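I have placed the structure first, in the form of structure tokens, so that the comments after it can refer back to it.
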Amino acid sequence: MYEERPARLDGAVLWTRTAPAPVVSDALVVPDGCMDLIWADGRLLVAGADTRAYRADTPVARYAGLRFAPGDAPRFFGVPAHELRDRRVPLGALWGEAAARRLAERITDAPDPAAALEEFALRRAADTPGPDPLLRAVVARLAAGRTVAETADAVGLGARQLHRRSLDAFGYGPKTLARVLRLQRALALVRAGAPFAEAALRAGCADQAHLARETRALAGTTLTAYARSAAASAKSDTPEPSGSRTTA
198 MYEERPARLD GAVLWTRTAP APVVSDALVV PDGCMDLIWA DGRLLVAGAD
248 TRAYRADTPV ARYAGLRFAP GDAPRFFGVP AHELRDRRVP LGALWGEAAA
298 RRLAERITDA PDPAAALEEF ALRRAADTPG PDPLLRAVVA RLAAGRTVAE
348 TADAVGLGAR QLHRRSLDAF GYGPKTLARV LRLQRALALV RAGAPFAEAA
398 LRAGCADQAH LARETRALAG TTLTAYARSA AASAKSDTPE PSGSRTTA
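Sequential numbering of the sequence shown, starting at 198, is according to the working numbering.
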């Protein structure tokens, strides 16, 4: 069972996934520009931003995760996003084994690990710099389908400056982020039942063939297979967004 809700932390999403016993999740994690802090059966992990589809390979029964808005997590973790790109690493590798172990134990012993994870994140965020308005503007413009050049001009950055800032904030350059956000727009339309050609054009792809290539390249699947999986999840009443970070 997968559930999510807006977190009390600005821009973040709190999500959980539970199973009766440890299982290897068959969920396909599609790049979404986000990073997550994950509690998985007592362990704390950090999921970096993806440039390709990811599937978990370790059995886990209970997950609780905090998905940060694109660009917000590096300030929270104290690590440039590009250092964690396409990686899942123990939190101890970033903050030290002892500190991470104590935090994991507190969350595991809590009646509601997800609530405990959220509460910790709120306390830590209060002592770290808040979201960068410039980065939020970059995400908003690219998510709306603006070009990288238009976005750079709008936020007052040169192309090289925007690329450098994007590597630190998102894990990759603005062109890759634009592709990821465009694919997410298209797949949301597919999940809503839009025909592939319509979803492609409305999301900003040149045509259906363009969307099909991007789906294979970034999501590791075909449009037909993705739509079939999304429909099956909807019928099971346990829908799981493509950006959920079930991992181990």
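Glycine included, each C-beta is placed from N, C-alpha and C at the ideal position. All figures in this text were calculated on a predicted structure; none of them were measured in a lab.
Query, Result
"Buried or exposed by the 16-neighbour rule on C-beta atoms within 10 Å, applied to residue 419", "exposed"
"contact_flag[the segment 210-225, the segment 251-270] where n(CB pairs < 8 Å) is 3 or more", "yes"
"Contact under 8 Å by Cβ, residue 233 with residue 273", "no"
"Residue 441 versus residue 339 - alpha carbon distance", "Since pLDDT at residue 441 reaches only 42, below the 50 mark, its modelled position is unreliable, and no value is offered."
"Spatial distance of residue 429 from residue 202 (CA atoms)", "21 Å"
"Per-residue burial, residue 381 [other beta carbons within 10 Å of its own, 16 or more giving buried]", "buried"
"Coarse secondary structure for residue 387, derived from DSSP in three states", "helix"
"Neighbourhood of residue 461 by C-beta distance below 6 Å, restricted to the same chain and skipping five residues each side", "As shown, the chain starts at 198 and ends at 445. That puts residue 461 outside it, with no answer to give."
"Limits of the beta strand (DSSP E) - the one that residue 210 falls within", "210-220"
"For residue 306, three-class secondary structure by DSSP", "helix"
"Spatially closest choice to residue 384 from 200, 345 and 425, by CA coordinates", "425"
"Those runs of the beta strand (DSSP E) which lie wholly inside the segment 266-321 and span at least 3 residues", "285-287"
"CA nearest to the CA of residue 236, picked from 291, 310, 362 and 200", "310"
"Close-in-space but distant-in-sequence residues of the same chain around residue 416 (CB under 8 Å, 5 per side omitted)", "225, 227, 228, 250, 380, 384, 423 and 439"
"Contact under 8 Å by Cβ, residue 241 with residue 277", "no"
"Residue from 316, 253 and 413 with nearest C-alpha to residue 222", "253"
"Chain-order list of residues whose beta-carbon lies under 6 Å from that of residue 454 (same chain, five-residue window excluded)", "Because the chain is modelled from 198 through 445, residue 454 falls outside the range shown and cannot be assessed."
"Closest by C-alpha distance to residue 239, when choosing among 398, 313 and 360", "313"
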